[in-house]
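Report on the structure given below.
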Amino acid sequence: MSMTSISNFSDSNFVLTGFPGLEVDYLWIFIPFFSIYAMVFLGNCMVLHVIRTEPSLHEPMFYFLAMLALTDLCMGLSTVNTVLGTLSGLIPEVSLDFCIAQCYFIHGLSCMESSVLLAMAFDRYIAICNPLRYSSILTNDKIMKIGIVILGRSSLLTPPVIIRLKFLNYCHPHVLSHSFCLHQDLLRIACSDIRFNSIYALFLVISNLLLDAVLILISYIMILHMVLAIASREERIKSLQTCVSHICAVLVFYIPIIGLTMVHRFGKHLSPLVHVLMGNIYILFPPFMNPIIYSIKTQQIRRRIQRLFYLKGT
Numbered sequence: 001m002s003m004t005s006i007s008n009f010s011d012s013n014f015v016l017t018g019f020p021g022l023e024v025d026y027l028w029i030f031i032p033f034f035s036i037y038a039m040v041f042l043g044n045c046m047v048l049h050v051i052r053t054e055p056s057l058h059e060p061m062f063y064f065l066a067m068l069a070l071t072d073l074c075m076g077l078s079t080v081n082t083v084l085g086t087l088s089g090l091i092p093e094v095s096l097d098f099c100i101a102q103c104y105f106i107h108g109l110s111c112m113e114s115s116v117l118l119a120m121a122f123d124r125y126i127a128i129c130n131p132l133r134y135s136s137i138l139t140n141d142k143i144m145k146i147g148i149v150i151l152g153r154s155s156l157l158t159p160p161v162i163i164r165l166k167f168l169n170y171c172h173p174h175v176l177s178h179s180f181c182l183h184q185d186l187l188r189i190a191c192s193d194i195r196f197n198s199i200y201a202l203f204l205v206i207s208n209l210l211l212d213a214v215l216i217l218i219s220y221i222m223i224l225h226m227v228l229a230i231a232s233r234e235e236r237i238k239s240l241q242t243c244v245s246h247i248c249a250v251l252v253f254y255i256p257i258i259g260l261t262m263v264h265r266f267g268k269h270l271s272p273l274v275h276v277l278m279g280n281i282y283i284l285f286p287p288f289m290n291p292i293i294y295s296i297k298t299q300q301i302r303r304r305i306q307r308l309f310y311l312k313g314t
């Protein structure tokens, strides 16, 4: 195939998929999706505002929570335009460059969220297993360095596999499975040699998501071993309660990723609607649920939000 043909393929637009078979109901689907995005933005902005303005929350645990809220906020911002644009009919397709940029942010932010959850697991481990040295280990300087490592890890490891998408030949129908761009979705319609992308993507999954999940699991095994050694039942329950919010955040992040991966790998016979639904759960469920989880389960956050609304009400 000539270089001109390859260039034409690369410059073509990609059609976004909303909810196949439900096109006549897009207005009614748009309303709940708009509401969910609004709650994602308001909820995470509320968490960030509360942590910033409340001096008693200027602690390592809440700094990591602020990183999580900022990551979730960026995930919403990186997908809101195409998801709502597809449902409203304003953005039926996107260019390859836009698609690559969106891929970078979605996959980079997923890596960042996994890294933040690992840092939060480390925070809980130190707080429960080595409480006397907690403040000396997790100083503001250390937290800043952890934040820089998380940012560097997620922003520098992802580009090689994403930039490569620019040079692939897309000869299959340019119809994506979702209303946003995913790396594995672009590979599905490529005709070029995709071995580098497949191998590097697997490396990223193993070195980031899988490794983080294993380290989080190990940290909780060690926490559980420490907690079971505590004589008082009340103290054991109190120690474990400080981990409930983080465990819930880990579950709402990893379960959708595992579900979407299984659908992409083994669900080719499934309805396209299932693919679309799992994709939207993957990008929206964690950013939507995390502010709710931490507002309900974290006493300091809940009290500050209640006080904030009480002051506004008066």
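According to the working numbering, the sequence shown holds residues 1 to 314 in order.
All C-beta atoms in this analysis are idealised placements derived from N, C-alpha and C, irrespective of residue type, glycine included.
These figures come from a predicted structure and were not determined experimentally.
- Secondary structure of E113 (DSSP, three-state): helix.
- Per the C-alpha coordinates, the member of C129, S110 and S177 positioned closest to I223 is C129.
- Here the alpha carbons of D193 and R124 stand approximately 44 Å from one another.
- Collapsing the DSSP output to three states places F19 in coil.
- Just so you know, the alpha carbons of Q300 and P131 end up roughly 19 Å apart.
- Each of Y220, Y200, T158 and V227 was checked against the Cα of Q102, and the nearest Cα belongs to T158.
- I126 counts as buried, since no fewer than 16 other beta carbons sit within 10 angstroms of its beta carbon.
- In this model, I247 and N169 are separated by some 42 Å (Cα to Cα).
- Annotation for I230: no alpha helix (DSSP H) segment contains it, and DSSP assigns it neither H nor E.
- Counting C-beta atoms within 10 angstroms of its own C-beta, H58 has fewer than 16 neighbours from the protein chains shown and is therefore classed as exposed.
- Contact between V80 and Y37 holds: their C-beta atoms lie close to 5 Å from each other, under 8 Å.
- In the structure shown, E59 falls within a coil segment according to DSSP collapsed to helix, strand and coil.
- Contact check between the segment 14-33 and the segment 251-267: fewer than three CB pairs, one atom from each, fall below 8 Å, which does not count as touching.
- For E234, the secondary structure class from DSSP, reduced to helix, strand or coil, is helix.
- Runs of the alpha helix (DSSP H) lying entirely within the segment 112-197 and spanning at least 4 residues, in chain order: 134-137, 140-156, 159-163 and 183-188.
- Pairing L211 with H107 gives a Cβ-Cβ distance that is not under 9 Å.
- Annotated as distal: C111 and L165, with beta-carbon spacing of 9 Å or more.
- Using a 10 angstroms sphere on the CB of I221, the tally of other CB atoms stays under 16, which defines it as exposed.
- The continuous alpha helix (DSSP H) containing L284 extends over residues P272 to K297.
- S295 and P173 have their C-alpha atoms some 45 Å from each other.
- Contact annotation, M289 with V244: C-beta distance approximately 14 Å; criterion of less than 8 Å not satisfied.
- For L138 against P60, the beta-carbon gap comes to about 4 Å, under 8 Å, which counts as contact.
- For S12, there is no enclosing alpha helix (DSSP H), as DSSP marks it with neither H nor E.
- Within its own chain, the residues whose Cβ lies closer than 8 Å to the Cβ of T86, once the five positions on either side in sequence are excluded, are L16, T17, G18, P92 and S179, listed in chain order.
- A69 is a Cβ neighbour of P291, given a cutoff of 9 Å.
- From the listed residues S56, Y63 and F34, the smallest Cα separation to L48 is found for Y63.
- I258 and N140 have their C-alpha atoms roughly 34 Å apart.
- Rounded to the nearest whole angstrom, the CA to CA distance from D72 to P286 is 7 Å.
- For H49, the uninterrupted alpha helix (DSSP H) segment begins and ends at Y26 to T53.
- An exposed status is given to V274, since fewer than 16 other beta-carbon atoms sit within 10 Å of its beta-carbon.
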